[in-house]
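Just below is one structure, and these are the notes that go with it.
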Amino acid sequence: MDHQFIDLGRRNKGLYWEYLSAYSFLHTVMEGTAFAIPCFLGFGRGVSNNHCHRKDVLEKNRDIMIKEFGQGKYTEEFFFKLDRMYRVLLPTVREVCSRDFSNIDTKEIVSAFSVVWKAMAEGNKPMLLGLMAQNLQEFFEGEVREIVGSDQKIVITATALLLAPTKPTQVQIEEELLMNLEKRFGDSSTFLAFCDTVEGKKALAELVDKAGWFHMEYINDPWTENDYKEHILNRFGKHDEVSPTARTQQTLKKQQEFFRKHKGATVLKELSFALQEFSFILDASKAVIIEIRYRALALYDEIASRLGVSRRDLLLLSPPEISSLLLASQKADKELIKERWKARAVWLHDDKIELFSGKKAEELAQKLIELPEQQKDNVKGIICFPGIVRGNACVVHTVEDHKKFHDGDILVAHDVSTEYTSLLKRASAIVTDQGGIICHAAIVAREFKKPCIVGTGSASDIFKDGDIVEVDAHKGVVRKI
10 MDHQFIDLGR
20 RNKGLYWEYL
30 SAYSFLHTVM
40 EGTAFAIPCF
50 LGFGRGVSNN
60 HCHRKDVLEK
70 NRDIMIKEFG
80 QGKYTEEFFF
90 KLDRMYRVLL
100 PTVREVCSRD
110 FSNIDTKEIV
120 SAFSVVWKAM
130 AEGNKPMLLG
140 LMAQNLQEFF
150 EGEVREIVGS
160 DQKIVITATA
170 LLLAPTKPTQ
180 VQIEEELLMN
190 LEKRFGDSST
200 FLAFCDTVEG
210 KKALAELVDK
220 AGWFHMEYIN
230 DPWTENDYKE
240 HILNRFGKHD
250 EVSPTARTQQ
260 TLKKQQEFFR
270 KHKGATVLKE
280 LSFALQEFSF
290 ILDASKAVII
300 EIRYRALALY
310 DEIASRLGVS
320 RRDLLLLSPP
330 EISSLLLASQ
340 KADKELIKER
350 WKARAVWLHD
360 DKIELFSGKK
370 AEELAQKLIE
380 LPEQQKDNVK
390 GIICFPGIVR
400 GNACVVHTVE
410 DHKKFHDGDI
420 LVAHDVSTEY
430 TSLLKRASAI
440 VTDQGGIICH
450 AAIVAREFKK
460 PCIVGTGSAS
470 DIFKDGDIVE
480 VDAHKGVVRK
490 I
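Okay, structure coming up:
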C-alpha cells in the first residue's frame, strides 16, 4: 500500500472539510454513472490540506468516463440531474439558517447543523467527478488532432476555444455585477461620492450578497462592502471593456463556426460539450458549497461559541465530533485542536472514515503519499491558454500571501481555487503544480485570456518570489531567465 496516493491539489481548509469529502465519496449517489471513490486521503498542516487519491482508482475512473462517454451517457439530462443534486438543497439551508440561534436549545442546533453539513457534503462527489474529467485530456486532444491536424499551436488554440465556458461561472457573474456598477462612473471620485449615498450602500450590499461569499472558500471571511469599494477603486481603467456576457456570446459564436467548418467532427463536438459541462459542474458545485457556508455563518458562530473555540478552530473538528460535544454540553479539546493544526489526516478506506492527528497523521501521509520528482530551474506542464509572458514570479501558498501580489505578477501556486480569483484576474500569467484542462485556473485563464500552464508538479517549490521567469504557453515550459 506504500505511496499509492498522489496529490490532486492543495486547499486552505481544515479537517472538517476533508471529512465532508470522505462522507460524500462514501454516501452520495450519482445517477447515471459508475464513477466511485472507495478510498481517499486528506492530509493537512496549518491552514492547507492536500487532497490525495489512489492512482489505480483514478485510472479506473478515467476508463469508466471514456466508456460512459462512448455509451452516450453524458447528455443534457445527465448534467441537469447532477447539477440539481446539490443546488436543490440551497433553499432548505436558507430556511434552516434564517433563525436567531442564540436562544435555541442544543437539540435544535444539532438538527440544523446536521442539515447544513450534509448539504455541504452533497456537492463534493459531483465536484470530484467534474475535476476527474481532466483525465480525458489525451482522449480529447487526440480527437482535436483528428480534426485540425498535428500542428501543436493549432491544437492548443482549438483546445482553448472548445473548452472556454459558455455558461456563466460565478467568476463571470461577479465580473458582470462589477462592470455594471463601474460603468455608471467616469472616475473614482464620482464613485466614492456614490458610495456614501443610500443607493450606493444598497448597491454594495447587493454585491456582497450575490458574490461576496464567493471569496470565502473554505476557511476565509466573505468580502464586505469596504472590500468591494477598495477593489473597484483599484480596477478603474484596468479591466476589460468587454462584459462577460459579450465574451461568452463571442466564444459561443466562434465554437459554432468551428463546427460548421468541421462538419465531420461529431465526436469532438459531443466531447467538447461533455467537458464544458463537467467544467461547469466543477465550478458550480464549489459555488453552492461555499454559499451554503455563507448562509450558515451565524449557526457555525453559535456552535463555535458553545464549544469555546474560534470559527477557524471549529474546522479542526469533524461533524460527528461537533455534534457529540454539543449534545454532551462539553467544550472542545483545545490540545487536540492544537495538535491538528500541526498535522491531521482523514482516511477513507474499507467503507469507513478514520481520523489521525499530529505524529500519527504525519506517519500515515509519509507512508501513503507519493512525492513528485524535483526539477532545477524549469518545469513543463499542460497548456490551458496560449501565450508567452516574462515577468516577476509571485508564489502564493495561502490566503495570507495575497498581500504581496502585485498587478502583472506571474502567479505561481501549488493549485488555485475560488479564493485566488481576484489574483487570477490581475496576473499576467498563471502557473500551478496541480490541475488539468478544466481546473479552476484553466477556466479563469480562458475567460480572461491569460497564458496558463498547469500540472507542472513542482513550480511552487522551484520558483521564488521575485524570480524573473518566462511562461511559454506555446511549448508548455516555465523557466528562470
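Sequential numbering of the sequence shown, starting at 10, is according to our numbering.
Yeah, the Cβ is synthetic: ideal placement off N, Cα and C, and Gly gets one too.
Computed from a predicted model, the values in this text were never measured in an experiment.
- For the alpha helix (DSSP H) containing PHE88, list its first residue and its last residue. 85-96
- Using a Cβ-Cβ distance under 9 Å, would SER333 count as near chain C? Here there is only one protein chain, and chain C is not present.
- Segment limits, beta strand (DSSP E) that includes SER57: 57-63
- Message: Quick test of your reading: VAL487 and VAL404, contact by CB under 8 Å. State the CB separation rounded to the nearest angstrom.
- Response: Contact flag wrong, Cβ pair sits at about 12 Å.
- Where HIS483 and LYS162 are concerned, what is the direct C-alpha to C-alpha distance, given to the nearest angstrom? 6 Å
- Task: Compare the Cα-Cα distances from GLN339 to each of LEU280, LEU432, GLY317, ARG349 and report the closest residue.
- Result: GLY317
- In chain order, what residues of the same chain lie with their CB nearer than 7 Å to the CB of LEU308, ignoring the 5 residues before and after it? CYS106, PHE110, ALA121, PHE122, VAL125
- Task: Out of ARG435, GLY396, HIS423, HIS36, point me to the one whose CA is closest to LYS412's CA.
- Result: ARG435
- Taking 9 Å as the cut-off, decide whether the C-beta atoms of THR101 and ILE299 are in contact. no
- Message: If contact is defined by three or more beta carbon pairs under 8 Å, each pair taking one atom from either stretch, is the segment 407-425 in contact with the segment 14-23?
- Response: yes
- Query: GLN443 and ASP65 look like a contact to me (Cβ under 8 Å); what is the Cβ gap, rounded to whole Å?
  - Reply: Contact flag wrong, Cβ pair sits at about 19 Å.
- Determine the direct distance from the alpha carbon of ALA454 to that of ASN189, and round the result to whole angstroms. 22 Å
- Message: Bridge partners for THR441 per DSSP, in chain order?
- Response: ALA422
- Message: Considering just the uninterrupted stretch of the alpha helix (DSSP H) at LYS351, what are its terminal residues?
- Response: 343-351
- Let me know the secondary structure DSSP gives ALA402 once reduced to three states. strand
- Message: Using 8 Å for Cβ pairs, my map puts PHE44 next to ILE73. What's the rounded Cβ distance?
- Response: 6 Å
- Message: Taking the alpha-carbon of PHE223 as reference, which of GLY158, THR168, GLU279, TYR429 has the nearest alpha-carbon?
- Response: TYR429
- Query: Taking the continuous alpha helix (DSSP H) assigned at PHE200, which residues delimit it?
  - Reply: 197-204
- Residue nearest to ASN401 in terms of C-alpha spacing, selected from LYS369, ILE439, LYS376, THR407: ILE439
- Query: Taking all protein chains shown into account, do 16 or more other C-beta atoms lie within 10 angstroms of the C-beta of ILE477, making it buried, or fewer, making it exposed?
  - Reply: exposed
- Query: Anyone know if the C-beta pair for VAL276 and ARG399 falls short of 9 Å?
  - Reply: no
- Measure the C-alpha to C-alpha separation of ALA352 and VAL207 and round it to an integer number of angstroms. 48 Å
- Residues sharing a beta bridge with GLY18, DSSP: HIS60
- Task: Rounded to whole angstroms, what's the CA-CA distance from LYS2 to GLU85? Just pull it up for me.
- Result: There is no way to answer for residue 2, as the model of the chain reaches only from 10 to 490.
- Message: Tell me whether the segment 165-174 and the segment 283-297 touch, counting them as touching only if at least three CB pairs, one residue from each stretch, are closer than 8 Å.
- Response: yes
- Inspect the CB distances between the segment 148-155 and the segment 252-271 and report whether three or more fall short of 8 Å. no
- First and last residue of the uninterrupted beta strand (DSSP E) at GLU479: 477-481
- Item | DSSP-derived helix/strand/coil call for ALA214 | helix
- May I ask which residues mark the beginning and end of the alpha helix (DSSP H) holding LYS238? 234-244
- Task: From the DSSP output, in three-state form, read off LEU506 for me.
- Result: Absent from the structure is residue 506, since the part of the chain shown begins at 10 and ends at 490.
- Count the other C-beta atoms from every protein chain shown that fall within 10 angstroms of the C-beta of GLN80, then say buried if there are 16 or more, exposed otherwise. exposed
- Task: Starting from GLU428, follow its DSSP beta bridges and name the residues at the other end.
- Result: Note: GLU428 sits in no beta bridge, so no partner.
- When the Cα atoms are used, what is the spatial distance from ILE462 to LEU420? 11 Å
- Task: For the alpha helix (DSSP H) holding VAL157, just list the boundary residues, first then last.
- Result: 146-157
- Query: Taking Cβ positions, are ALA128 and LEU99 nearer each other than 9 Å?
  - Reply: yes
- Item | Limits of the beta strand (DSSP E) - the one that VAL388 falls within | 387-389
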